[in-house]
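Engineer:
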Amino acid sequence: MTFPDAATLRELVRLACRAPSVHNTQPWQWEATDHDLRLHVAPDRQLTRTDPDGRDLAVSCGAALHQLVVAAAGHGWAAAVARLPEPARPQHLATVTFAARPPDLRDLQLLQAVEDRRTDRRQVSSWAVPPARLDELAAIAAHFGVVVTAAPGGTTGLVPRLLRQAMEVQDADGARRDELLSWVHPFFDRQGIPVSNLLTAAAAAAGEATRFPPGSLSDPYVERADPSPSWLVLSTASDDRLSWLRVGEALDAIWLACTVVGLSVVPFSQPIEVARTRADLAHHVLEDDSCPQLLLRVGWPTPTNEPVPLTPRRPLEEVLDHG
3 MTFPDAATLR
13 ELVRLACRAP
23 SVHNTQPWQW
33 EATDHDLRLH
43 VAPDRQLTRT
53 DPDGRDLAVS
63 CGAALHQLVV
73 AAAGHGWAAA
83 VARLPEPARP
93 QHLATVTFAA
103 RPPDLRDLQL
113 LQAVEDRRTD
123 RRQVSSWAVP
133 PARLDELAAI
143 AAHFGVVVTA
153 APGGTTGLVP
163 RLLRQAMEVQ
173 DADGARRDEL
183 LSWVHPFFDR
193 QGIPVSNLLT
203 AAAAAAGEAT
213 RFPPGSLSDP
223 YVERADPSPS
233 WLVLSTASDD
243 RLSWLRVGEA
253 LDAIWLACTV
263 VGLSVVPFSQ
273 PIEVARTRAD
283 LAHHVLEDDS
293 CPQLLLRVGW
303 PTPTNEPVPL
313 TPRRPLEEVL
323 DHG
C-alpha cells in the first residue's frame with residue numbers, strides 16, 4: 003500500500019488540525035486526491051488587520067503541515083513534503099505523498115504529544131531550562147532552516163518592554179482590537195479562543211503584557227512565583243512565504259519536543275507584527291541581517307497546575323475536501 007486508506011487519512015488530518023494557529027483561526031484547508039494530500043490556505047481566515055502580509059497565516063499552516071508529518075509517522079507512514087509546488091497558485095502551500103514505514107519509539111512519543119500539547123499562558127515555575135535542552139531545541143529548528151537565539155527576559159528586560167510596546171501600538175488601533183475580540187468568545191465550540199483558556203485579569207497583570215481580554219483561567223501560584231522562562235527568537239535568512247511556512251514547522255517541532263519532556267511553550271507574535279518592535283528585536287538580539295519571525299516563552303510549568311482545556315477545532319467536514 004502506498005497511500006493511507008480513507009479512515010487513516012481522516013485521522014491524520016484530524017491530528018494535523020490539532021496544531022497551534024494564531025488566535026486559533028485554523029487557516030488551513032486540506033485536499034485529498036487518489037495519490038497525495040494537499041495543504042491550502044483558507045484566505046477567509048486571515049487576520050487582515052493584524053496580519054496583512056499573511057505571515058501569521060503561513061506560520062500557522064506550517065505548524066499544521068509538520069503535525070501531519072508527525073501524525074503520519076506515528077501511524078506507520080513516512081511523509082514526503084513538496085513546499086509551494088505551484089508558484090502560480092500561492093495558496094497551495096504543500097503537497098504530501100506517503101510511503102509505508104513502521105513507527106519507532108520517538109514517532110510514538112511525538113504522536114502522543116500531538117494530543118497532549120496545550121497553550122498554557124500561566125506563569126512558568128522558577129526552575130530554569132537547562133542550556134543543553136535549549137541547544138536541543140535549536141538543533142530541531144535548524145533542521146527547518148530556522149535559527150533559535152536566546153533573548154534577555156527578566157521583569158524589566160528587552161522582551162517585556164517590546165511586548166508592552168507592541169501591545170500599546172495594537173491597542174491603539176480600534177479595527178485591529180475588534181478583529182482580535184472577534185476570535186474570543188465564551189461559547190466558541192469550533193474555532194477561536196475560549197475565555198477558559200485566557201488568564202483572569204489578576205493573573206494576566208502579574209505576567210507578560212497580553213493583548214487578550216481577561217478570561218477565567220486563574221493562576222493560584224502567581225503571587226509566589228519567581229518565574230524563570232527562557233525567551234527564544236525564531237529567525238530566518240529570508241522574509242518570504244517559504245520562510246514563514248518553515249518557521250511554522252519549526253515551531254510545531256519545538257513545541258512537540260517540549261511537550262514530550264513536560265516543558266511549556268507560549269508563542270508571541272505581536273512583537274513581530276509591529277514594525278518598530280520587530281526592528282528592535284532584530285537589532286538587540288540577532289547578530290546578523292536575519293529576520294525575526296516569532297518569539298517563544300519556554301519554561302517548566304508549576305507541577306501542581308491542572309492542564310488547561312483543549313481549544314476547539316473545526317469539524318473535519320469543513321477542513322478536508324476530496325479532489
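If you read the sequence shown in this note's numbering, its first letter stands for residue 3, the second for the next number, and so on.
Where a beta carbon is used, it is the ideal one built from N, C-alpha and C, also for glycine.
Source: prediction; values computed, not measured.
(1) Going by C-alpha distance, which of Cys260, Thr238 and Phe214 is nearest Ser232?
(2) To test your reading of the DSSP string, which unbroken alpha helix (DSSP H) runs of 4 or more residues are found completely within the region 78-129?
(3) CA-CA distance, Asn307 and Ser127?
(4) Judging by CA-CA distance, which residue of Val276, Val197 and Leu160 is the nearest neighbour of Arg51?
(5) Can you give me the C-alpha to C-alpha distance between Ser237 and Pro294, rounded to a whole angstrom?
(6) Could you tell me whether the region 159-170 touches the region 278-294, where touching means 3 or more Cβ pairs closer than 8 Å?
(7) Candidates His145, Val186 and Pro133: which alpha carbon is nearest Phe214's?
(8) Could you pull the start and end residues of the beta strand (DSSP E) that Leu297 belongs to?
(9) Can you say whether Gly176 is buried or exposed, counting buried as having 16 or more other CB atoms within 10 angstroms of its CB?
(10) Is Pro104 closer than 7 Å to Gly78 when the C-beta atoms are compared?
(11) In chain order, what residues of the same chain lie with their CB nearer than 8 Å to the CB of Ala75, ignoring the 5 residues before and after it?
(12) Taking the alpha carbon of Val150 as the reference point, which residue from Leu322, Pro6, Glu289 and Cys63 has its own alpha carbon closest?
(13) In chain order, what residues of the same chain have a beta carbon less than 6 Å from the beta carbon of Pro22, not counting five sequence neighbours either side?
(14) I think Val15 touches Leu322, with their Cβ atoms under 8 Å apart; what is that distance to the nearest whole Å?
(15) From Asp46 to His324, what does the alpha carbon distance come to, in whole angstroms?
(16) Please work out which residues of its chain come closer than 6 Å, Cβ to Cβ, to Ala96, disregarding the five sequence neighbours upstream and downstream, and give them in chain order.
(17) Expressed to the nearest angstrom, what Euclidean distance is found between the alpha-carbon atoms of Pro29 and Leu265?
(18) Pull up the distance between the alpha-carbon of Thr121 and that of Asp291, whole angstroms please.
(19) Just tell me which of Val249, Asp38, Val300 and Pro269 has its CA closest to the CA of Thr212.
(20) If you follow the beta strand (DSSP E) that Ala152 is in, where does it begin and where does it stop?
(21) Thinking just about the alpha-carbon of each residue, which of Phe146, His145, Ala140 and Ala144 is nearest to the one in Ala152?
(22) Output the distance between the C-alpha atoms of His25 and Pro222, rounded to the nearest integer angstrom.
Structural biologist: Taking the definition as stated:
(1) Cys260
(2) 107-118
(3) 11 Å
(4) Val276
(5) 4 Å
(6) yes
(7) Val186
(8) Cys293 to Gly301
(9) exposed
(10) yes
(11) Ala81, Arg103, Pro105, Asp109, Leu112 and Leu113
(12) Glu289
(13) Ala65
(14) 5 Å
(15) 20 Å
(16) Leu41, Leu67, Val83 and Arg85
(17) 26 Å
(18) 31 Å
(19) Pro269
(20) Val149 to Ala153
(21) Ala140
(22) 25 Å
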